[in-house]
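Here's the structure, in structure tokens; my notes come after.
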Amino acid sequence: MTSTAEKPTTSHHAAPQAQDAARLRAMLDFSSDAIAMLTARRDASGNIVDFTCTELNPAACRVLKTERRRVLGASLLTILPGHDGVDGLFGKYRAVVESGEGHDVEFPYDRDGLDGWWRNIAVKHGDGVLVRFTNITEQRREQIHAQRLAVIVEQSADFIGISHPDGRVDFVNDAGLRMVGLPDMASAGRTAMADYFQPESRRRMSETAVPVMEREGFWEGEVELRDFRSGKALPVHYSLFPVLDAGQRTVAYATVARDISGSREMTDALRVSESKFRAIADTMPQMVWSTTPDGLHDYYNARWYEFTGVPEGSTDGEGWNGMFHPDDQPRAWEKWRRSLETGELYEIEYRLRHHSGQYRWTLGRALPIRDEAGVILRWFGTCTDIHDTRMHTDRLHNAQLRLQLALAAAAIGVWEYDPALDLVEWDERIRAATGRTNEDGPFSFSRDFLPLVNPDDRERVRAAIEEAAASGKELALEYRIRPAGSPADVWVSSAGRRVLGEDGSVRVIGTAMDISEDVRALEEQEVVAQELSHRIKNIFSVISGMIGLSARTYPETRPLADKLRERIAALGRAHDFVRPNKNRAIGAPAATLQGLAAQIFEPYGDDQGSPIVLLGDDLPIDDRAATPLALLFHELATNAAKYGALSTREGRVTITIATGPESVSVDWKETGGPPITSPPERRGFGSRLTSLSVEAQLGGTIKTLWCQDGLHSRIEIPASSFSRT
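According to my numbering, the stretch in the sequence shown is residues 147 to 871, in order.
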């Protein structure tokens, strides 16, 4: 009974179960979702240790990239390795079976070619789970992208908004609200997009911006938004582009606006600054230029184009190098490349072609402009016309070279005295002459120089040099020095003058020349001259004696003999002045110009007086001037006695002396002599001797007029030639 009753029951329930299974199978096969059925595997203690895949639909096979037969009956941990443990899928499925509560999780998986994000939903099914899993990688990416975009939008300092084509505003970010002065999004949504613009910009947006955007897919430009708080215009750089749907139809406008009020102010300030720079640069006498960090020229001031005459822009880039003299171009390039590599100062002198075609010397200088990190931003440079200075410097150098050659040829040394420091500087020639070297310096005037001077000359030398430094008087000295280790004195001729510096400092610069040979030659000449003078004076004595002897023989001629003897004695005294004598001490009667003249002309006088009359001023003379003056007067008087006024009894000579601040004039005028019909045909020795005395020895001039009534000579002599003092 029992078995008979049970059989119909089993058969009755089997049919519905089979139908349910068939329907489930059909749903799984036709589902687009990946679905799998997993049955729990338990150990002897009843604990779940794994799951077995008992069903897998085609969608799941496609997702897992496998065949159904390979997965059915397989272990979960085999199909998805790495999902063991509590946090893995195994742990989560076990929790579903044990608790009866489903789960819905998202997780990344990067094994077995299943890289990406997945959504997993699991519910309890019998002693297992029914699982649906979906690849959500693209959605996840879009979500992340949207999140990032939202952060960018909210963090941006620009106005970012979305509006409908009809003008309704859907969205404005916080920065945009602050920019236009709206309190919140609700206020922004109630404000039409057109009202965000100033009137002129509103027309531009409708008439230009929107049509261009619809035609080209984008528009940008500068417009003015409205500040709702103050009503003032807010300059912005505005970008407008369409938001398209899947059918490429415009469904909204996206806008990005950047506040450029600060940059506009900076641009205006930069424009003003650049205008000032150009105005200053164009008024500078130098040529001003600038380059990019790599050395390409991109700016020249007006002076550059005025100087070179080239068309504007023709020397940009590397075209500048062709403006220099071919011989200077390699050197200029080398220096410029080195400055670009090292950032060092660029400085060079080269010849730049002038608009006249002439190459003129120019000083080029440039310095880099760096940022806070020391990176070179630009180079600014100048070219300065130094041609005239360079030519002057070259001439000065050549003149100095010629001077050095002349000094060397003449064996002349140069010295410089600083009275404030008591220092004297000598050139190599003087150091060699004094037995000193460079290592011995600096040299003291009082301790090193004066002890070298002969004691008899020392005080005179010291006083003369100190007076030259104090008063500016020209220095002219002859003295003796005894070089170190030398057995004899050396005669030195020294000349110099005071030089005042811009700071008021005083220096005496002079020359020194060894005249020992000249002194010895003069001494030899003096011996010969003394011997000759002695013989001439002996002749005068013999003549005077013969006249006296004759007078004793003929007493009636004694008065005449006495006169002749007096005149011969006067000739002897005059001869002493005419004869060169460096050791002469001028006596009191001849210490002046008229005193000298009186002694020279004494032989020409008699009891009736002298035919030579001295008029005008008188002035002191020294031994240096006495000899050439005596020769001058003696020669003029001798010629007058032979050919002129003194050759007749009625003849007269008038000498007029006039002193001035710089010169002394001596007028020699003859009257009463033989008439002069014409100047002499040739110059005799006496005329040449006269010119030598006046011009060469006294530094003066002599002009002679051959007047009919007598000779007229005018002599001009510098006042400094008469006396050293």
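Glycine is no exception: its CB is placed at the ideal position from the N, C-alpha and C atoms.
CA-to-CA distance, residue j to residue i, given in whole angstroms
| i | j | result |
| --- | --- | --- |
| Ala610 | Leu551 | 29 Å |
| Gly656 | Tyr789 | 47 Å |
| Lys378 | Gln344 | 9 Å |
| Glu574 | Ile558 | 11 Å |
| Arg626 | Ala641 | 14 Å |
| Pro97 | Ala519 | Residue 97 is absent from the structure shown; the chain starts at 147 and stops at 871. |
| Ser696 | Phe747 | 27 Å |
| Phe595 | Tyr563 | 11 Å |
| Lys849 | Gly691 | 42 Å |
| Gly941 | Met537 | Residue 941 lies beyond the range of the chain shown here (147 to 871); nothing can be said about it. |
| Pro601 | Val636 | 13 Å |
| Ser809 | Ala776 | 18 Å |
| Trp852 | Ala865 | 27 Å |
| Ala783 | Glu677 | 25 Å |
| Ala352 | Gly408 | Before going further, note that residue 352 is Ser rather than Ala in the sequence given. Computed Cα separation, rounded: 27 Å. |
| Asp261 | Tyr399 | 37 Å |
| Ile861 | Leu739 | 14 Å |
| Gln843 | Gly618 | 24 Å |
| Lys270 | His291 | 35 Å |
| Arg577 | Ser869 | 32 Å |
| Val652 | Ser592 | 17 Å |
| Arg449 | Asp405 | 40 Å |
| Pro735 | Tyr750 | In this prediction, Pro735 scores a pLDDT of 39, lower than 50, which makes its location untrustworthy; the coordinate-derived value is nonetheless stated afterwards. Distance between the alpha carbons of Pro735 and Tyr750 is about 18 Å. |
Residue i classed as buried or exposed, judged by whether at least 16 other C-beta atoms fall within 10 angstroms
| i | result |
| --- | --- |
| Ile863 | buried |
| Ile298 | exposed |
| Gln745 | buried |
| His443 | buried |
| Ala831 | For clarity, residue 831 is Phe in the given sequence; the question names Ala instead. It counts as exposed. |
| Pro514 | buried |
| Ala168 | exposed |
| Ile426 | exposed |
| Leu706 | exposed |
| Met890 | Residue numbering for the chain in the displayed model covers 147 to 871; residue 890 lies beyond these limits and cannot be assessed. |
| Phe176 | exposed |
| His780 | buried |
| Ser485 | buried |
| Trp435 | buried |
| Trp479 | exposed |
Residue range of the unbroken alpha helix (DSSP H) whose run includes residue i
| i | result |
| --- | --- |
| Pro476 | 475-488 |
| Gly335 | 331-336 |
| Asp603 | 601-617 |
| Tyr789 | Here Tyr789 belongs to no alpha helix (DSSP H), and DSSP marks it neither H nor E. |
| Gly322 | 320-326 |
| Ile225 | 222-225 |
| Thr461 | Segment: none, Thr461 is in no alpha helix (DSSP H) and carries neither H nor E. |
| Gly741 | 739-747 |
| Phe453 | 448-454 |
| Ala206 | 204-210 |
| Arg215 | 214-217 |
| Arg349 | 345-350 |
Enclosing beta strand (DSSP E) for residue i [first to last residue]
| i | result |
| --- | --- |
| Ala804 | 798-805 |
| Arg516 | 505-516 |
| Ala241 | Not the beta strand (DSSP E): Ala241 falls in the alpha helix (DSSP H), residues 235-245. |
| Phe831 | Run containing Phe831: none in the beta strand (DSSP E); it sits in the alpha helix (DSSP H), 831-837. |
| Ala403 | 396-405 |
| Val570 | 569-572 |
| Arg314 | Element bounds for Arg314: n/a, residue is neither H nor E. |
| Thr280 | 274-281 |
| Arg593 | Per DSSP, Arg593 belongs to no beta strand (DSSP E) and is neither H nor E. |
| Leu851 | 847-853 |
| Ile873 | In this structure the chain extends from 147 to 871, so residue 873 is not present and cannot be described. |
Beta bridge counterpart(s) of residue i as assigned by DSSP
| i | result |
| --- | --- |
| Lys815 | Thr800, His858 |
| Trp365 | Leu386 |
| Asp660 | Val638 |
| Arg643 | Ile655 |
| Val759 | Thr800 |
| Asp250 | Ile267 |
| Tyr563 | Val570, Val654 |
| Thr528 | Val434, Arg511 |
| Phe374 | Per DSSP, none; premise fails for Phe374. |
Cβ of residue i within 7 Å of any chain D Cβ
| i | result |
| --- | --- |
| Arg506 | Checking the listed chains, one finds no chain D in this structure; it contains a single protein chain. |
Distance cut-off 6 Å: residue i Cβ against heavy atoms of the ligand SAH
| i | result |
| --- | --- |
| Val397 | The model depicted lacks the ligand SAH and carries no ligand whatsoever. |
Start-end ranges of the beta strand (DSSP E) lying completely within the segment 160-199, minimum 3 residues
Those beta strand (DSSP E) runs which fall completely within the segment 160-199 and span 3+ residues are 180-188.
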